[in-house]
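Let me begin by presenting the structure, written as structure tokens, before commenting on it.
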Amino acid sequence: MNMPKGYLVANIRVTDADKFAAFSGMAGPVIKAHGGKVLAKGPDAERHEGNVTGTVMMIEFDSLSAARKFYLSDEYQAAKAIRDACSETDLMLIEGTT
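So in the UniProt record's numbering, the last one in the sequence shown is 98, and the numbering has no gaps at all.
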């Protein structure tokens with residue numbers, strides 16, 4: 001039986017594009033190092049309900065535990081400190097259904 005995947009889902013409203021580029025440069029290698037795979041990313045999500053704007057991102061990990069380990073890692077937390085200074089973010093971790 002396969003363990004369910006873990007997902008990070010975020011909606012990011014960037015306030016400083018240059019700082020955000022620095023965050024992205026730091027976060028990308030950490031995502032890969034933790035086995036993450038970016039499934040979707042961009043500002044063009046079809047928004048049918050609600051009024052939240054920003055860039056939507058969905059990253060798949062081997063498990064919810066792996067997603068949590070990525071998020072809590074020292075390397076990601078260092079990148080997150082930069083992201084916190086240049087954006088407002090809604091971020092969730094969730095376990096897949098299969």
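Using N, Cα and C, we set each Cβ at its ideal position, and we do this for glycine too.
Using a Cβ-Cβ distance cut-off of 8 Å, the segment 4-22 and the segment 50-57 are in contact, since at least three pairs of beta carbons, one from each stretch, lie closer than that value. By the 16-neighbour rule on beta-carbons within 10 angstroms, H48 is exposed.
In this structure, A22 and I82 form a Cβ contact; the two beta carbons are roughly 6 Å apart against a cut-off of 8 Å.
Residue pairing of D90 in beta bridges, as defined by DSSP: N11. Contact check for Y71 against L8 passes: the beta carbons are separated by less than 8 Å. Secondary structure remark: continuous beta strand (DSSP E) runs of at least 3 residues inside the UniProt domain "DUF1330" (5-96), in chain order: 6-14, 37-42, 55-61 and 87-95.
Residue environment: S87 is assigned as buried (16 or more neighbouring CB atoms within 10 Å of its CB, all protein chains considered).
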